[in-house]
Amino acid sequence: MNYRLYFTCAILWMVVACSTIAVKVENEEKGRLQPVLKLEEEQVKKMVLDSVSAPKPQYTQIFQDSLGVRYFTFINRYDNSIYFYNYETLKFARKIRYERQGSNGIRKSDGYFIKNMDSIYVYNLAIIEIVHTNHKSKTLKRISLKGNGDKNTWFQNYPQYYPRTVTPFIEADGKLLFTGSYFNSLSESILENLKFSAQIDLKSNNVVFNHLYPEELYGFGSNWNGGLFTEVYPELHPDGDKLIYSFPVSHDLYITEINSNRYEKVYAGSNFAGTIYSINRKPQKTPDEVILSHYIKHDFYSAIKYDKFRKVYYRFLLKKIPNATKRSKWKDKPIAIIIMDEDFKYLGETVIGNMNDWHWENSFVTKEGLNIEYIEKDFEEVYLTLKIFTLKEL
1 MNYRLYFTCA
11 ILWMVVACST
21 IAVKVENEEK
31 GRLQPVLKLE
41 EEQVKKMVLD
51 SVSAPKPQYT
61 QIFQDSLGVR
71 YFTFINRYDN
81 SIYFYNYETL
91 KFARKIRYER
101 QGSNGIRKSD
111 GYFIKNMDSI
121 YVYNLAIIEI
131 VHTNHKSKTL
141 KRISLKGNGD
151 KNTWFQNYPQ
161 YYPRTVTPFI
171 EADGKLLFTG
181 SYFNSLSESI
191 LENLKFSAQI
201 DLKSNNVVFN
211 HLYPEELYGF
221 GSNWNGGLFT
231 EVYPELHPDG
241 DKLIYSFPVS
251 HDLYITEINS
261 NRYEKVYAGS
271 NFAGTIYSIN
281 RKPQKTPDEV
291 ILSHYIKHDF
301 YSAIKYDKFR
311 KVYYRFLLKK
321 IPNATKRSKW
331 KDKPIAIIIM
341 DEDFKYLGET
351 VIGNMNDWHW
361 ENSFVTKEGL
371 NIEYIEKDFE
381 EVYLTLKIFT
391 LKEL
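Residue 155 in this note's numbering sits at position 155 of the sequence shown; the count goes up by one each step and never skips.
1. Starting from the Cα of asparagine 223, find the closest Cα among Phe183, Lys146 and Asp332 and give me that residue.
2. List the whole-angstrom C-beta distance separating valine 266 from leucine 253, where the pair is believed to meet the contact cut-off of C-beta under 8 Å.
3. Looking only at its chain, what residues have a beta carbon closer than 6 Å to the beta carbon of proline 334, apart from the 5 residues adjacent to it on each side?
4. Could you spell out the range, first to last residue, of the beta strand (DSSP E) harbouring glycine 140?
5. Return the first residue and the last residue of the alpha helix (DSSP H) that lysine 297 is part of.
6. Cβ atoms of serine 109 and tyrosine 121: under 8 Å apart, would you say?
7. Return yes when the Cβ of lysine 56 is within less than 8 Å of the Cβ of isoleucine 375, no when it is not.
8. In this structure, what does DSSP give as the bridge partners for glutamine 34?
9. Starting from methionine 47, follow its DSSP beta bridges and name the residues at the other end.
10. Between lysine 311 and glutamate 342, how many whole angstroms is the CB-CB distance? I'm expecting something under 8 Å.
11. Grab the span of the beta strand (DSSP E) containing isoleucine 114 for me, first residue to last.
12. One question on the structure: do tyrosine 87 and phenylalanine 72 come within less than 8 Å of each other, judged by their Cβ atoms?
13. Is leucine 140 close to chain C? Criterion is C-beta to C-beta, closer than 8 Å.
14. Would you mind stating whether isoleucine 338 and leucine 317 have Cβ atoms separated by less than 8 Å?
15. According to DSSP, is asparagine 193 helix, strand or coil?
16. By a C-beta neighbour count over all protein chains shown, 10 Å radius and 16 as the cutoff for buried, is glutamate 192 buried or exposed?
17. Could you check where the beta strand (DSSP E) with glutamate 88 kicks off and where it finishes?
18. Rounded C-beta distance between phenylalanine 178 and tyrosine 161? I'm assuming under 8 Å.
19. Going by alpha carbons, who is nearest to glutamate 215 out of Leu186, Phe113 and Lys146?
20. Using the C-alpha atoms, what's the distance from leucine 125 back to glutamine 156?
21. I'd like the list of long-range same chain contacts for glycine 111, defined as Cβ closer than 6 Å, with 5 residues on each side in sequence excluded.
22. Return the first residue and the last residue of the beta strand (DSSP E) that tyrosine 374 is part of.
23. Roughly how many angstroms separate the alpha carbons of tyrosine 3 and threonine 286, rounded to a whole number?
24. Pull up the distance between the alpha-carbon of glutamate 41 and that of phenylalanine 364, whole angstroms please.
25. Rounded to a whole number of angstroms, what is the C-alpha to C-alpha distance between glutamate 381 and leucine 145?
26. Determine whether the beta carbon atoms of lysine 392 and leucine 37 lie at a separation below 8 Å.
27. May I have the straight-line CA-CA distance separating alanine 54 from isoleucine 82, to the nearest angstrom?
28. Could you give the first and the last residue of the continuous beta strand (DSSP E) run that contains glutamate 215?
29. Let me know if phenylalanine 76 comes out buried or exposed under the rule of 16 or more other beta-carbons within 10 Å of its beta-carbon.
30. Among the residues of its own chain, which have a CB less than 8 Å from the CB of aspartate 357, if the five just before and after it don't count?
31. What are the residues that DSSP puts in a beta bridge with threonine 350?
32. Taking DSSP as the reference, what is the three-state secondary structure of phenylalanine 183?
33. Since glutamine 160 is in the beta strand (DSSP E), which residue starts that stretch and which ends it?
34. With distances taken from CA atoms, which of Lys141, Glu349, Phe379 and Phe84 is nearest phenylalanine 389?
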């Protein structure tokens, strides 16, 4: 499709030098796409929580054991543990708790990947490491994610991590892939060198880093401060040897082989999303309120999920708030989900509500459909609620 990126300045170069070079990303397919499908709520799952766990967990994983039993698991950051609920019966099954100190200690568990019950990889935020453990909470190996950089400046050369259900660990090609990001605007040197995908060899535990930010989105001195615009959302391509990246500031998706740094772009935009602009200020002088206002007033993409049962993709869009004012809140942004076929052909999109009602970061696919955590108006926080969406023809 004809889709172009335009890089513009507030004042023409031939008249006066720009103080800020803005990136302008147009959606040339806006209003031209024809929907044939929508998402419709099909069922609800509610799990009873104990007194030390709460809704809206940061990280979850569906894990199937050797007997074929499916478990909905989630991180409890309060007591440093992983909870297991039977996904079918919704009954609590067990939890694995980690000590914070000692030889088996994990000071701050912030995400995990359960390969099997004897091989669980936990992200320790406090030390920026992956801890290879088992179901008895015993540490088998510690794997640093700081690379070879200086301990005080490593973050200038290596990604930082904010694991969530929609930015998961991915197992592929004998590796455990862990996607991070850079939380501010990217200088030229960082853009050229910082690779945001940590790839852990499951046999040797060696770590290599791959995949750069696209220059046409994040280069040219553009201001994407605040972390909201530089998050990277990964998904494994159904071929099994490629990754699909959704960047908040692009109507395209970026596809790459796991061990490559070359991208193929495919259009994957909304029929309603408008032009996306970088912040028209110098990155060093951007107040938080300006960053938040920019986020509220523009459409930004987020997670990309593949549904192998229906052979479709779902891409989340956090829509702008029409007629936003100084009183507008970022959680008032509506959430739309774009549906595409295996070739990324647009099939439709559905607005499910706004960010006050949905913990969209906890979204995943099962054979039942697209699971999204719903935020109950339950001040006692008794339940964790999942609503499951399926496809319907228009």
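Heads up, the beta-carbon is just placed ideally off N, CA and C, and yes, glycines get one too.
According to the structure data:
1. Position 223 of the sequence shown, counting from 1, holds the residue named residue 223. Considering only alpha carbons, the answer is Phe183.
2. For the purposes of this step, residue 266 is identified with residue 266 of the sequence shown, where counting begins at 1. For the purposes of this step, residue 253 is identified with residue 253 of the sequence shown, where counting begins at 1. Sure, about 5 Å apart at Cβ, within 8 Å.
3. Taking the first residue of the sequence shown as 1, we reach residue 334 at position 334. Taken in chain order, the residues that qualify are Lys319, Val351 and Asn354.
4. Start at 1 with the first residue of the sequence shown, and residue 140 comes out as number 140. The residue asked about is misnamed: residue 140 is leucine in this sequence, not glycine. Start and end: 139–144.
5. Stepping through the sequence shown from its first residue, residue 297 is reached at position 297. That run of the alpha helix (DSSP H) goes 288–297.
6. Against the sequence shown, residue 121 aligns to sequence position 121. Against the sequence shown, residue 109 aligns to sequence position 109. No, the pair does not count as a contact, with Cβ atoms beyond the cut-off.
7. As a working note, residue 375 is residue 375 in the sequence shown. As a working note, residue 56 is residue 56 in the sequence shown. The answer is yes: Cβ separation under 8 Å.
8. As a first step, residue 34 is located in the sequence shown; it is residue number 34 there, counting from the start. Answer is none; glutamine 34 lacks a bridge partner.
9. Your numbering for residue 47 matches position 47 in the sequence shown. Methionine 47 pairs with Leu384.
10. The count along the sequence shown starts at 1 and reaches residue 311 at position 311. The count along the sequence shown starts at 1 and reaches residue 342 at position 342. At roughly 5 Å, the Cβ-Cβ gap stays under 8 Å, so lysine 311 and glutamate 342 are in contact.
11. Stepping through the sequence shown from its first residue, residue 114 is reached at position 114. Element bounds for isoleucine 114: 109–116.
12. Position 87 of the sequence shown holds residue 87. Position 72 of the sequence shown holds residue 72. Yes, they are a contact pair.
13. Looking at the structure shown, chain C is missing, and only one protein chain is on hand.
14. Numbered from its first residue, the sequence shown carries residue 338 at position 338. Numbered from its first residue, the sequence shown carries residue 317 at position 317. Yes. Within cutoff.
15. Working through the sequence shown from its first residue, we reach residue 193 at position 193. Three-state DSSP puts asparagine 193 in a helix.
16. Reading the sequence shown from its first residue, position 192 is the one you call residue 192. Per the 10 Å Cβ criterion, exposed.
17. The count along the sequence shown starts at 1 and reaches residue 88 at position 88. Premise fails: glutamate 88 is in no beta strand (DSSP E) and is neither H nor E.
18. The residue given as residue 178 occupies position 178 in the sequence shown. The residue given as residue 161 occupies position 161 in the sequence shown. That belief holds up - the Cβ atoms of phenylalanine 178 and tyrosine 161 are roughly 7 Å apart, short of 8 Å.
19. By one-based count along the sequence shown, residue 215 stands at place 215. Nearest C-alpha to glutamate 215: Leu186.
20. Numbered from 1 along the sequence shown, position 156 holds the residue referred to as residue 156. Numbered from 1 along the sequence shown, position 125 holds the residue referred to as residue 125. When rounded, the distance between both Cα atoms is 17 Å.
21. Start at 1 with the first residue of the sequence shown, and residue 111 comes out as number 111. So the qualifying residues of the chain are Tyr59, Tyr123 and Pro163.
22. For the purposes of this step, residue 374 is taken as the residue at position 374 of the sequence shown. 369–374 is the span of the beta strand (DSSP E), which, as asked, contains tyrosine 374.
23. Translated into positions along the sequence shown, residue 3 becomes position 3. Translated into positions along the sequence shown, residue 286 becomes position 286. Below a pLDDT of 50, predicted positions are generally treated as unreliable, and tyrosine 3, at 37, falls in that range; the measurement from the model is reported next regardless. Distance between the alpha carbons of tyrosine 3 and threonine 286: 30 Å.
24. Position 41 of the sequence shown, counted from the start, is the residue given in the question as residue 41. Position 364 of the sequence shown, counted from the start, is the residue given in the question as residue 364. Cα to Cα, glutamate 41 sits roughly 14 Å from phenylalanine 364.
25. Indexing the sequence shown from 1 puts residue 381 at position 381. Indexing the sequence shown from 1 puts residue 145 at position 145. If you take the alpha carbons of glutamate 381 and leucine 145, they lie about 35 Å apart.
26. Here residue 392 is taken as the residue at index 392 of the sequence shown, counted from 1. Here residue 37 is taken as the residue at index 37 of the sequence shown, counted from 1. Contact flag set, yes.
27. Counting from one through the sequence shown, the residue named residue 54 turns up at place 54. Counting from one through the sequence shown, the residue named residue 82 turns up at place 82. Computed Cα separation, rounded: 13 Å.
28. On the sequence shown, position 215 is the one that residue 215 refers to. No beta strand (DSSP E) holds glutamate 215; the alpha helix (DSSP H) holding it covers 215–218.
29. Taking the first residue of the sequence shown as position 1, residue 76 is located at position 76. The displayed chain sequence assigns asparagine, not phenylalanine, to residue 76. Classification for asparagine 76: buried.
30. Sequence index remark: in the sequence shown, residue 357 carries index 357 (1-based). Only Tyr374 and Ile375 meet the Cβ criterion.
31. In the sequence shown, the residue the question calls residue 350 occupies position 350. Paired residue(s): Ile337.
32. If you number the sequence shown from 1, residue 183 lands on position 183. Phenylalanine 183: coil per DSSP, three-state reduction.
33. Reading the sequence shown from its first residue, position 160 is the one you call residue 160. Counting along the chain, glutamine 160 falls outside any beta strand (DSSP E), and DSSP gives it neither H nor E.
34. Along the sequence shown, read from residue 1 onward, the residue named residue 389 stands at position 389. The residue with the shortest Cα to Cα distance from phenylalanine 389 is Glu349.
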